[in-house]
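Going by our numbering, 300 is the number at position 234 of the sequence shown; the sequence numbering is gapless.
Please read the structure below before turning to the comments.
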Amino acid sequence: MKVSVVICTYTEEMYDHFQEAVESIFAQTYDDIELVLVSDGNESLYERMQADYGDRKDVKIHCNEENVGLSGSRNNALEYVTGDVVALIDDDAIADEEWVEELVSVYESRDAIAVGGKMTPIWVAGKPTFLPEEFYWLVGVTHRGFAEPGEEVRNTFGSNISFRTEVLEELGGFETQVGRQGEKNLQAHETEFCARMREAYGQGVIYNPDAKVGHKVFEFRTEKRWLLERAFWQGYSKRAMETIVSGDASAEESAFLKQLLFEFVPSRVESLASDPSTTKATQLVTLFLLTGLVGTGYLYGLIKW
67 MKVSVVICTY TEEMYDHFQE AVESIFAQTY DDIELVLVSD GNESLYERMQ ADYGDRKDVK
127 IHCNEENVGL SGSRNNALEY VTGDVVALID DDAIADEEWV EELVSVYESR DAIAVGGKMT
187 PIWVAGKPTF LPEEFYWLVG VTHRGFAEPG EEVRNTFGSN ISFRTEVLEE LGGFETQVGR
247 QGEKNLQAHE TEFCARMREA YGQGVIYNPD AKVGHKVFEF RTEKRWLLER AFWQGYSKRA
307 METIVSGDAS AEESAFLKQL LFEFVPSRVE SLASDPSTTK ATQLVTLFLL TGLVGTGYLY
367 GLIKW
C-alpha cells in the first residue's frame with residue numbers, strides 16, 4: 067500500500083518548522099511513501115523547497131498560483147498524489163517515526179476508508195497549568211475522553227488524518243468555502259468533509275492512538291485571551307456545521323458535553339475536595355468558563371446562520 071503524505075505551507079517564517087515536519091516523514095519506518103509539498107501562492111518559498119528537496123524522487127513540489135488556503139492547497143495536492151492513501155500533516159507538527167506504519171496497519175486489518183491518530187502536545191513555551199486536558203482540543207491536541215482505540219469517530223484532527231485516495235477524489239476533495247473566513251474564523255475544514263464522507267459511505271474515521279503526531283503549541287496559543295476567543299469561534303463553527311451538512315453534525319460534541327458535565331466535572335470536584343490545590347481549582351474554573359464560551363459562540367451562530 068503506497069501512502070502519499072501531503073504537507074502545505076504558505077510563509078517562510080514557518081520554514082524551519084516545515085522542515086522538521088518534512089524530516090519526520092523521511093524518518094518513517096514505513097517505506098512506500100511519497101511526499102507532496104505545496105507552497106500556497108509563495109513563489110520564493112516554492113524555490114526554497116525546490117532547492118532543498120527537488121532532487122528527491124520521492125518528493126513532488128507544487129506552488130499555487132495564488133493563496134487559496136489550506137483546503138484549496140490540499141485539493142491541488144490531489145493532482146499529484148499516486149498513493150492508495152493520502153495522509154495529512156501540518157507544517158507545525160512532527161510525526162512519530164511509526165506514524166504511517168500505524169495508519170497502514172488499520173487499513174490492512176479493517177475495511178477502513180479513513181484512519182486518524184492521536185495528537186500529542188509539544189509545549190514550545192511551556193505547558194499552561196490552567197488549561198484542563200478536556201480542552202486540549204483548542205490547541206490542536208487530542209483531549210481527555212476523545213475516543214477508545216479502534217473506535218470509529220466522525221473525524222480526528224486535520225494534522226493526523228488519512229483517507230483512501232479514491233474517497234477523496236469521488237467526493238471532490240475539501241470544501242474550499244469552509245475554513246477561516248475573515249473575522250468569522252470558521253473552523254470546520256476536516257469536519258465538513260468527514261460528515262459528507264459518512265453520509266456517502268456510511269463510515270467514519272477509525273481512531274488509532276498509536277499513530278502519533280506531535281503538535282507544536284506556540285506561545286500565543288497558550289495565552290488566555292487567544293484561548294477564550296478560540297473557544298467562542300469553535301462554538302460558532304459547530305453551529306455553522308449544522309447548517310452546512312445534513313444529519314446530526316454535532317452528535318459527537320453533544321456526547322462529549324454530556325461526558326464533560328456528568329463524568330469529568332464530578333470527578334474534578336471530588337478530586338479537588340479530597341486534595342485541594344490552586345492548580346486544580348483554576349482548571350475547574352477554566353473548564354466552566356471555556357464551556358460557557360463555546361455555548362455562547364454556538365448561540366451567536368444561531369443568529370448569524
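Ideal placement from N, C-alpha and C gives every residue a C-beta, glycine not left out.
Just so you know, these numbers come straight off a predicted model, no measurement behind them.
Where the beta strand (DSSP E) through Ser70 begins and ends: If you number the sequence shown from 1, residue 70 lands on position 4. Taken as a continuous stretch (DSSP letters only), the beta strand (DSSP E) holding Ser70 covers Val69 to Thr75.
*In angstroms, rounded to a whole number, what distance separates the CA positions of Val147 and Lys126?*
Taking the sequence shown and counting its residues from 1, one reaches residue 147 at position 81. Taking the sequence shown and counting its residues from 1, one reaches residue 126 at position 60. Val147 and Lys126: Cα-Cα distance of roughly 9 Å.
_Nearest residue (CA-CA) to Leu197, options Ala347, Glu218 and Leu368_ = In the sequence shown, the residue the question calls residue 197 occupies position 131. Per the Cα distances, Ala347.
Practice problem: Taking 8 Å as the threshold, find out whether the segment 358-366 comes into contact with the segment 226-241 through three or more Cβ pairs. | Solution: no
Once DSSP output is grouped into helix, strand and coil, what is the label at Phe284? Here residue 284 corresponds to residue number 218 of the sequence shown, with the count starting at 1. Looking at Phe284 - three-state DSSP - the assignment turns out to be coil, as it is neither helix nor strand.
With Trp189 as the anchor, note down where its beta strand (DSSP E) starts and where it stops.
Residue 189 sits at position 123 when you count from the first residue of the sequence shown. First-last of the beta strand (DSSP E) with Trp189: Ala180 to Trp189.
On the DSSP letters alone, give me the boundaries of the beta strand (DSSP E) that Glu100 sits inside.
Position 34 of the sequence shown, counting from 1, holds the residue named residue 100. Counting along the chain, the beta strand (DSSP E) containing Glu100 begins and ends at Ile99 to Ser105.
For the segment 297-305 against the segment 206-223, do three or more pairs of beta-carbon atoms, one drawn from each stretch, fall closer than 8 Å, so that the two count as touching? no
Quiz item: Just reading off the beta strand (DSSP E) that Ile155 is part of, what are its end residues?
Solution: Stepping through the sequence shown from its first residue, residue 155 is reached at position 89. Counting along the chain, Ile155 falls outside any beta strand (DSSP E), and DSSP gives it neither H nor E.
task: Spatial neighbours of Asp157 within its chain, please: CB distance less than 8 Å, with the 5 preceding and 5 following residues excluded, ordered by chain position.
output: The sequence position of residue 157 within the sequence shown is 91, counting from 1. Contacts found: Ile73, Cys74, Thr75, Met80, His83, Phe84 and Ala87.
Of the residues Arg220, Val69 and Ile188, which one's Cα is nearest the Cα of Gly206? As a working note, residue 206 is residue 140 in the sequence shown. Nearest C-alpha to Gly206: Ile188.
Take the Cβ of Thr77 as the centre, count every other Cβ of all protein chains shown within 10 Å, and call the residue buried at 16 or more, exposed below.
Start at 1 with the first residue of the sequence shown, and residue 77 comes out as number 11. Burial call: exposed.
| Proximity of Leu136 and Ser228 at Cβ, strictly below 8 Å | For the purposes of this step, residue 136 is identified with residue 70 of the sequence shown, where counting begins at 1. For the purposes of this step, residue 228 is identified with residue 162 of the sequence shown, where counting begins at 1. Result no, Cβ atoms of Leu136 and Ser228 do not sit closer than 8 Å.
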